[in-house]
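Chains as they are written, first to last, in our numbering: chain D, 1 to 263; chain P, 1001 to 1317.
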Ligand SMILES: Cc1cc2nc3c(=O)[nH]c(=O)nc-3n(C[C@H](O)[C@H](O)[C@H](O)COP(=O)(O)OP(=O)(O)OC[C@H]3O[C@@H](n4cnc5c(N)ncnc54)[C@H](O)[C@@H]3O)c2cc1C
């Protein structure tokens, strides 16, 4: 069985930042492996360790800069990686769900995986929709927000739990080939070992352009444009206690005593 | 003329709040486009649901009597067929776990753009402007699109629609291809029970990722002991196995309403806030003065928890 995992490098923002136009100014941005994708990679690697998967391949849409993040996934045990990038993607400010789906669909057609794992959402733009849209596009079965996957995959069926709101889980059977969007907490993502990090340097990382995949450059323009970005106006009337930790803790202690908390 | 088709949400025989909120959002949008608001209620006791959903501003309700509980295949097929029949300009769906299990599929099937987790909507009839958040609520954005679209809306952003309406209620004749349902729901299970019920606590000392390591959890427990309070947490603490699932506050955890909620090293992501915003008094301790939790906190300390918490514990010992 072959597993394809979508891996995204997400932008992280410092506590204090400035906005320039419709983006956060570069100097306040960092980069990291998307939290949800980390769990997806771990799940795939565990399926491989359980002897169920022969190969775990990652796919990332992103510029060369994000190869460090891709290597992180390789260091955790993925076998090889595909990175899709193109000049046409350079100026796109929102890569919307439809555009991502078109690109990923082309990769899936080349790779022909039995199982696709994506994160539930990405930590930066949090669309939360790509996995399900991709499944529909491919005619695969799917399940969104999966926090448990039975590892026997008996008769090509994945028995999963979907985590609904309010502590209720839905038990669902999904036939392969399928797309599962993976929720945090499904497993314990490993740290990459030193050996893993060394090996990751030698694992294949294949770069594909839109032309290589047969995707029309017009597809990436998408239907959605980002027109504004701003800091949300705070409606709060929060009382901020000032001073050193002793002082602020003292003020909080006073409030708690007023409220009748503790002795 | 249908301009908005809004899909309602229910689970285990109960309509969920978002079903009444989506009426408000849908009505606003329908007014801006000068069209009608149609609702769909799919699966379960649809006639009973339809009666409850018939609130002020709803023009028509389409019931799809097929199956008991949510199945994404039934929803996808029903919404697609309703779209073909009614030709709405906008389809609204809840940004719930189930909404996200079918809305993207419908968008793809119908070749419509999808924008998820909207907190605001505005249209001049042609261009739809959707307000949404990025980076866990640190910034707000406006995204625009032309023409038809499907939008999922965040819960608790629009008020619940009130007042009885006089909507036309009709049974929509849906044709479900059983072979294409795409998954089989086999049951439900409640999780996160156990020894402590945080939803009963008067005082919660709640810890988030700011605590950094499992080895640091005891400083939170010591504070809770000193205050005779209960320890709860945000999701990552439970994901890491540092506290059991029954301690998790939020959308996929427990809803809590204590007299005092002390949020320590918790950013206040929407899914967390969903579980604790009803607390009487909210205190936030966070190094980041711009963390979204500050928007709902009554009192705040912008400082390092590793300095503040021991000092607070000491004040009570
Ligand atoms: C479908 C779905 C369901 C979800 N359900 C839930 C849910 O039920 N409950 C839930 O909580 N989350 C839930 N989440 C996850 C949610 O989106 C956030 O990822 C999570 O709430 C973040 O937890 P946090 O605030 O502890 O961590 P972070 O967002 O990482 O915030 C940590 C905070 O600690 C502060 N900090 C760091 N160091 C210190 C220090 N030394 N002193 C003081 N402050 C410090 C930082 O400034 C930051 O604000 C869900 C997500 C999805 C997609």
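Note that beta-carbon positions come from the ideal geometry of N, C-alpha and C, so glycine has one too.
query                                                                                                                                   : result
Buried or exposed (CB count within 10 angstroms, at least 16 for buried), residue 110(D)                                                : exposed
Cα-Cα separation between residue 1166(P) and residue 1061(P), rounded to whole angstroms                                                : 10 Å
Proximity test, residue 1016(P) beta-carbon vs ligand 1 heavy atom, cut-off 7 Å                                                         : no
Contact set between residue 1019(P) and chain D, taken where Cβ atoms lie within less than 9 Å                                          : Per Cβ cutoff of 9 Å: no residues; residue 1019(P) is ~13 Å from chain D at best.
CB of residue 1059(P) within 8 Å of CB of residue 1036(P), strictly                                                                     : yes
Contact set for residue 141(D): own chain, Cβ-Cβ below 6 Å, skip 5 residues either direction                                            : 174, 175, 178
Start and end residues, beta strand (DSSP E) containing residue 229(D)                                                                  : 225 to 230
Distance cut-off 7 Å: residue 15(D) Cβ against heavy atoms of ligand 1                                                                  : yes
Boundaries of the alpha helix (DSSP H) in which residue 1172(P) is found, first to last residue                                         : From DSSP, residue 1172(P) is part of no alpha helix (DSSP H); its letter is neither H nor E.
C-beta neighbour in chain D for residue 1243(P), strict 8 Å                                                                             : no
C-beta atoms of residue 169(D) and residue 1191(P) nearer than 8 Å                                                                      : yes
CB contact flag (residue 1203(P), residue 1064(P), <8 Å)                                                                                : no
Chain-ordered chain P contacts of residue 177(D) [CB-CB under 9 Å]                                                                      : Result: empty, since nearest Cβ-Cβ is about 12 Å, beyond 9 Å.
Residues bridged to residue 3(D) [DSSP beta-bridge criterion]                                                                           : 56(D), 115(D)
Test: residue 1190(P) CB closer than 8 Å to a CB of chain D                                                                             : yes
Backbone CA spacing between residue 89(D) and residue 39(D) [nearest angstrom]                                                          : 27 Å
C-alpha distance - residue 3(D) paired with residue 1256(P), whole-angstrom precision                                                   : 39 Å
Whole-angstrom distance between residue 1183(P) and residue 139(D), CA atom to CA atom                                                  : 12 Å
Interface flag, residue 113(D) vs chain P, CB-CB below 8 Å                                                                              : no
C-alpha gap between residue 227(D) and residue 91(D), whole angstroms                                                                   : 14 Å
Alpha carbon of residue 1104(P) to alpha carbon of residue 1031(P), nearest angstrom                                                    : 25 Å
Beta carbon proximity, residue 1302(P) to chain D, threshold 8 Å                                                                        : yes
Chain-ordered chain P contacts of residue 167(D) [CB-CB under 9 Å]                                                                      : 1190, 1191, 1192, 1193, 1245, 1246, 1248, 1252, 1253, 1254
Sequence-distant residues of its chain with Cβ nearer than 6 Å to residue 1271(P) (five each side left out)                             : 1250, 1251
Boundaries (first-last residue) of the alpha helix (DSSP H) holding residue 247(D)                                                      : 245 to 258
Near ligand 1: residue 46(D) beta-carbon under 7 Å from a heavy atom                                                                    : no
Beta strand (DSSP E) runs wholly inside the segment 71 to 116 of chain D, at least 3 long, in chain order                               : 80 to 84
Pick from 103(D), 73(D), 48(D), 148(D) that is closest to residue 9(D), judged by C-alpha positions                                     : 73(D)
Residue-chain proximity (residue 32(D), chain P), Cβ-Cβ < 8 Å                                                                           : no
Members of the segment 87 to 110 of chain D near chain P, C-beta cut-off 8 Å                                                            : 94, 96, 97, 98, 101
DSSP beta-bridge partners of residue 1145(P)                                                                                            : 1128(P)
Minimum Cβ-Cβ distance from residue 1231(P) to chain D less than 8 Å                                                                    : no
Chain D contacts from the segment 1172 to 1185 of chain P (Cβ-Cβ distance under 8 Å)                                                    : 1182, 1183, 1184, 1185
Contact list for the segment 1073 to 1086 of chain P against chain D, Cβ threshold 8 Å                                                  : 1076
Validate contact between the segment 1256 to 1267 of chain P and the segment 204 to 212 of chain D using beta carbons, cut 8 Å, 3 pairs : no
Straight-line gap, residue 34(D) to residue 119(D) (C-alpha atoms, nearest Å)                                                           : 8 Å
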